[in-house]
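Asker: Before I ask anything, here is the structure I am working with.
Residue numbers (my numbering): 9 to 300.
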């Protein structure tokens, strides 16, 4: 997927490093006037992130993605996806996608060549059941259970296309501030992931991207190295909030990991994204225009 090359014009980065330790802390603060610089590019990035799920729904319902080949009575299963979803679900989606954009735009865990091959919104089965229930009965969509599995994954590749590193990301998003989300995110990155490599491969097999076949080969090879391979895993917690701290400059400790994070020998970077208005930003990105 194309990167959000102008993200740094919207989010100013400040990194706190601890000498001789495998921990970094980063704060990304929204800059005044930066939204206008990045808005169009960021909206395209989010739409591409959800495009696989949209295509899959329409293909399953009609057997074709071409609008002229659809039946006149076509009932679009994606007509309310994702823009009409409840705010809680959209906050979760926003956190996952923005964490991937951050990984590709900043030197997370000391590397600036992370790549995100795709997103796993197609496997949010509970949500699609809610959408189908709405089609059958009418009424509101309601709030589905959150999607299980990996929030987002990024990879490093060498010149031959082989995977040389994996970035395991846990993302959280709060309209204000919620310390429990920070604790939960650090707890979850203790897990044995990545768990969704096969789901990414399935998504890539349906992809229109030019290098999807190379990604499939690389991911299959990488999966065979688990769990004892030499390809390093890096961890990142990405916490987006709409309230900036007042007593301290950051919500998270800049000198060491959160107590919920267990020593693993892996590099951890904890990222705070301080936005001026989280809900307004989400509504702008997920406005109905452009999702048809």
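Glycine included, every Cβ here is placed at the ideal spot set by N, Cα and C.
Output the distance between the C-alpha atoms of residue 33 and residue 42, rounded to the nearest integer angstrom.
Answerer: Position 25 of the chain shown, counted from the start, is the residue given in the question as residue 33. Position 34 of the chain shown, counted from the start, is the residue given in the question as residue 42. Distance between the alpha carbons of residue 33 and residue 42 is about 22 Å.
Asker: Could you name the residues of the same chain whose beta carbon sits closer than 6 Å to that of residue 117, not counting the 5 residues immediately before and after it, in chain order?
Answerer: Position 109 of the chain shown, counted from the first residue, corresponds to residue 117. Closer than 6 Å at Cβ, skipping near neighbours: 242, 275 and 277.
Asker: Could you say which of 259, 256, 250 and 270 lies nearest to residue 288 if we only look at CA atoms?
Answerer: Taking the chain shown and counting its residues from 1, the one referred to as residue 288 is at position 280. That would be 250, whose Cα lies nearest to the Cα of residue 288.
Asker: What did DSSP end up calling residue 161 once you bin it into helix, strand or coil?
Answerer: Stepping through the chain shown from its first residue, residue 161 is reached at position 153. Note: residue 161 maps to strand in three-state DSSP.
Asker: Look at the alpha carbon of residue 239 and the alpha carbon of residue 272, and state the distance between them as a whole number of angstroms.
Answerer: The sequence position of residue 239 within the chain shown is 231, counting from 1. The sequence position of residue 272 within the chain shown is 264, counting from 1. Those two C-alpha atoms are separated by around 15 Å.
Asker: Taking residue 283 as part of the beta strand (DSSP E), name the residues at either end of that continuous run.
Answerer: Stepping through the chain shown from its first residue, residue 283 is reached at position 275. Counting along the chain, residue 283 falls outside any beta strand (DSSP E), and DSSP gives it neither H nor E.
Asker: What's the C-alpha gap between residue 142 and residue 24?
Answerer: Sequence index remark: in the chain shown, residue 142 carries index 134 (1-based). Sequence index remark: in the chain shown, residue 24 carries index 16 (1-based). Residue 142 and residue 24: Cα-Cα distance of roughly 47 Å.
Asker: Buried or exposed for residue 166, please, with buried defined as at least 16 other CB atoms from any protein chain shown within 10 angstroms of its CB.
Answerer: Sequence index remark: in the chain shown, residue 166 carries index 158 (1-based). When all chains shown are included, residue 166 counts as exposed.
Asker: With which residues is residue 88 paired in a DSSP beta bridge?
Answerer: Your numbering for residue 88 matches position 80 in the chain shown. For residue 88, which the question treats as bridged, DSSP gives no partner whatsoever.
Asker: Determine, using beta carbons only, whether residue 201 and residue 230 come nearer to each other than 7 Å.
Answerer: By 1-based counting over the chain shown, the position of residue 201 is 193. By 1-based counting over the chain shown, the position of residue 230 is 222. Contact: no.
Asker: Kindly confirm or deny that the stretch 278-297 and the stretch 95-102 touch, where touching means at least three C-beta pairs closer than 8 Å.
Answerer: Yes, they touch.
Asker: Go ahead and pull the three-state DSSP assignment for residue 237.
Answerer: Working through the chain shown from its first residue, we reach residue 237 at position 229. If DSSP states are grouped into helix, strand and coil, residue 237 belongs with coil.
Asker: Just how far apart, CA to CA, sit residue 51 and residue 21?
Answerer: Working through the chain shown from its first residue, we reach residue 51 at position 43. Working through the chain shown from its first residue, we reach residue 21 at position 13. Residue 51 and residue 21 have their alpha carbons spaced roughly 21 Å apart.
Asker: Among 284, 195, 279 and 148, which one has its Cα closest to the Cα of residue 111?
Answerer: Reading the chain shown from its first residue, position 103 is the one you call residue 111. Checked all of 284, 195, 279 and 148; the closest Cα to residue 111 is 279.
Asker: Taking only three categories from DSSP, how would you classify residue 179?
Answerer: Residue numbering aside, residue 179 sits at position 171 when the chain shown is read from its first letter. Reduced to three states, the DSSP call for residue 179 is strand.
Asker: Please classify residue 58: does DSSP put it in a helix, a strand, or coil?
Answerer: Numbered from its first residue, the chain shown carries residue 58 at position 50. Three-state DSSP puts residue 58 in a helix.
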